[in-house]
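**Q** One structure, pasted below without further comment.
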Amino acid sequence: MLEQPEKKPYRVFSLWLRIFHWTMVLCVTFLFWTGLYIGDPGFSMFVGKEPAEAINSWFSMEMIRRVHFGFAFILIFAFIFRIYGAIRYRGDRLLPKFRKRLYWDGLKQTTLHYLMLPRQEEHRVLRNSLARTSYLIVYIMMFFEICTGLAMYSQIRPESWLAIVFNPINLLFNEYQIHIIHHYIAWFFLLFTVAHVYLAFREDVMEESGEVSSMVSGMKFYPQDPEDIEDLYGKRE
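Residue numbers for the sequence shown follow the numbering used here, so the first one is -9 and each next one is one higher.
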């Protein structure tokens, strides 16, 4: 029986990032399901009762809209604090380093790893290139989701400052087009979540690096220093 090398703990995720992660999970979950209700109240499968009644019910359209808007603003503030955390904490900078050879080599090797294909060499990294790229896409999509959501929300009071700020979106697209964009991005988040959870558990089982528990404890475990260790302790570039 081969002896496993002793692994050292590395604090990869700050408390700030972990709080944002679970806040985002909670918000996106409520936003997705309340968004489905707002878009199609019939999906709730209520029997003997009009699911789209306006008021006087815990599951009325009025209440569901309030819940949706409430979690939307929580997510917006969390997103702002996430940006601050990326500035404040060195290890929370998840942007891909396109200029480095390590990024492109890692992208290829990680893809082969996920496809169960043999790799020429193994890279030990804090966050693989594919993960960094996917997180960047998620944040970009979240930005557009927030903008389209606020553009629709601001139409409630066209004279408000919010409507003035997001009026360019309403000029570029009509209300239906904005709704469709918002809707498709929401489904993107669902598909990403399924893939993200699967790959996290898969990596945890195959590499035994504490991938799943790291978003609670902040710690990952490696037999030696990862190649991108400077992202935690190195000098600013």
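Every residue gets a Cβ at the ideal spot worked out from N, C-alpha and C, and that includes glycine.
Everything numeric in this text was worked out from a predicted model, so none of it was measured.
Touch check for the region 84 to 98 and the region 125 to 143: three-plus C-beta pairs under 8 angstroms?
**A** Because the criterion of three Cβ pairs below 8 angstroms is met, the region 84 to 98 and the region 125 to 143 touch.
**Q** With DSSP collapsed to three states, give me the class of F163.
**A** Three-state DSSP puts F163 in coil, outside helix and strand.
**Q** Can you give the Cα-Cα distance for R147 and L140, rounded to whole angstroms?
**A** Going from the Cα of R147 to the Cα of L140 covers about 11 angstroms.
**Q** Can at least three beta-carbon pairs, one atom from the region 211 to 220 and one from the region 154 to 166, be found at a separation below 8 angstroms?
**A** Cβ pair count under 8 angstroms is below three, so no.
**Q** Starting from the C-beta of R226, find all residues in its chain whose C-beta is less than 7 angstroms away, skip the five residues before and the five after it, and write them out in chain order.
**A** Unreliable placement is indicated for R226, whose pLDDT of 42 sits below 50; the coordinate value is still reported in the next sentence. If we look at R226 and ignore the five residues flanking it on each side, it has no Cβ neighbours.
**Q** Which residue or residues does DSSP assign as beta-bridge partners of P(-1)?
**A** Paired residues: F211.
**Q** Using three-state DSSP, classify R226 as helix, strand or coil.
**A** Per-residue confidence for R226 stands at a pLDDT of 42, beneath the threshold of 50, marking its modelled position as unreliable; the derived number appears in the next sentence. In the structure shown, R226 sits in coil (DSSP, three-state: anything other than H, G, I, E or B).
**Q** Using the Cα positions of W23 and G75, report the straight-line distance between them to the nearest angstrom.
**A** Looking at the two C-alpha atoms, the distance is approximately 28 angstroms.
**Q** Between the C-alpha atoms of I54 and D221, what's the straight-line distance to the nearest angstrom?
**A** Straight-line Cα distance between these residues: approximately 42 angstroms.
**Q** Out of H58, Y143, W151, D95, which one is the CA nearest neighbour of L16?
**A** Nearest C-alpha to L16: H58.
**Q** Mind pulling the alpha helix (DSSP H) runs of 4 or more residues that sit fully within the region 116 to 147?
**A** Taking only runs of at least 4 residues, the alpha helix (DSSP H) segments lying wholly in the region 116 to 147 are 119 to 143.
**Q** If distances are taken between C-alpha atoms only, which option among T101, A185, H169 comes closest to D30?
**A** With distances taken between Cα atoms, D30 lies closest to H169.
**Q** Excluding the five sequence neighbours on either side, which residues of its own chain have a C-beta within less than 6 angstroms of the C-beta of L152, listed in chain order?
**A** Same-chain partners within the cutoff: S144.
**Q** Would you identify the three-state DSSP class for V15, choosing helix, strand or coil?
**A** Helix.
**Q** Alpha carbon to alpha carbon, what distance is there between G208 and V184?
**A** Those two C-alpha atoms are separated by around 22 angstroms.
**Q** In the DSSP assignment, the alpha helix (DSSP H) including S94 goes from what residue to what residue?
**A** Before going further, note that residue 94 is Trp rather than Ser in the sequence given. Unbroken alpha helix (DSSP H) run through W94: 91 to 104.
**Q** Kindly give me the distance between the Cβ atoms of V2 and L161, rounded to whole angstroms, as I take these residues to be in contact under 8 angstroms.
**A** Incorrect: roughly 43 angstroms between the Cβ atoms, too far for contact.
**Q** With H, G and I counted as helix, E and B as strand and the rest as coil, what does DSSP make of I28?
**A** In the structure shown, I28 sits in a helix (DSSP, three-state: H, G or I).
**Q** At which residues does the alpha helix (DSSP H) containing V202 begin and terminate?
**A** Segment: none, V202 is in no alpha helix (DSSP H) and carries neither H nor E.
**Q** Could you give the DSSP three-state label for F49: helix, strand or coil?
**A** Of the three classes helix, strand and coil, the one that applies to F49 here is coil, per DSSP.
**Q** Taking C-alpha atoms, which residue in K98, M132, Y104 lies nearest to M196?
**A** Comparing Cα-Cα distances from M196 to each of K98, M132, Y104, the minimum goes to Y104.
**Q** Can you say whether F156 is buried or exposed, counting buried as having 16 or more other CB atoms within 10 angstroms of its CB?
**A** F156 is buried by the Cβ-count criterion.
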